[in-house]
Amino acid sequence: MKLDDKLYLVRFNTDKLNHIKIANPSVCLQQCQDKPCTRFCPAHVYDWDEEEKRIAVGYEGCLECGTCLIGCPFGNIDWKYPRGGFGVSWKNG
């Protein structure tokens, strides 16, 4: 089974409050040439919006793995767990 097939089975209880933010958008624009966050996130939460010149964050699909906390070379991602009762819902089987 491929990763995308497995991710399809994950369920989310989406909060209206975003638990992921780009701390300083100008860092992404001016200092971060290759935008690694658009590649290292297994859930593809981060996407470079060329028209708006910013990182778009799709927090609703976050797997809460914490990869972004160590993957951003500038430490520019402000991430915390969603409020209780919200976020990813893991199930076995």
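The sequence shown maps to residues -6 to 86 in this note's numbering.
Ideal Cβ placement from N, Cα and C applies to all residues, glycine included.
This one's a predicted model, so the numbers in the text were calculated from it and none came from an experiment.
Query raised in the report: In three-state DSSP terms, what is residue 39?
Result: Within the sequence shown, the letter at position 46 stands for residue 39. Strand, per DSSP.
Query - residue 105 in three-state terms, based on DSSP - result: Since the first residue of the chain shown is -6 and the last is 86, residue 105 is not available in this structure.
Query - Meets three-Cβ-pair contact criterion under 8 Å: the stretch 11 to 22 and the stretch 63 to 72 - result: yes
Query raised in the report: Excluding five sequence neighbours on each side, which residues of the same chain lie with their C-beta closer than 6 Å to the C-beta of residue 33?
Result: Position 40 of the sequence shown, counting from 1, holds the residue named residue 33. If we look at residue 33 and ignore the five residues flanking it on each side, its Cβ neighbours are 60 and 64.
Requested in this report: Can you tell me which of the three DSSP states residue 4 falls into?
Outcome: Sequence index remark: in the sequence shown, residue 4 carries index 11 (1-based). Strand.
Requested in this report: Drop a sphere of 10 angstroms on the beta-carbon of residue 36, count the other beta-carbons inside from all chains shown, and report buried for 16 or more, exposed for fewer.
Outcome: The residue you call residue 36 lines up with position 43 of the sequence shown. Per the 10 Å Cβ criterion, buried.
**Report entry** Helix, strand or coil at residue 76 [DSSP, three-state]
**Finding:** Reading the sequence shown from its first residue, position 83 is the one you call residue 76. Looking at residue 76 - three-state DSSP - the assignment turns out to be coil, as it is neither helix nor strand.
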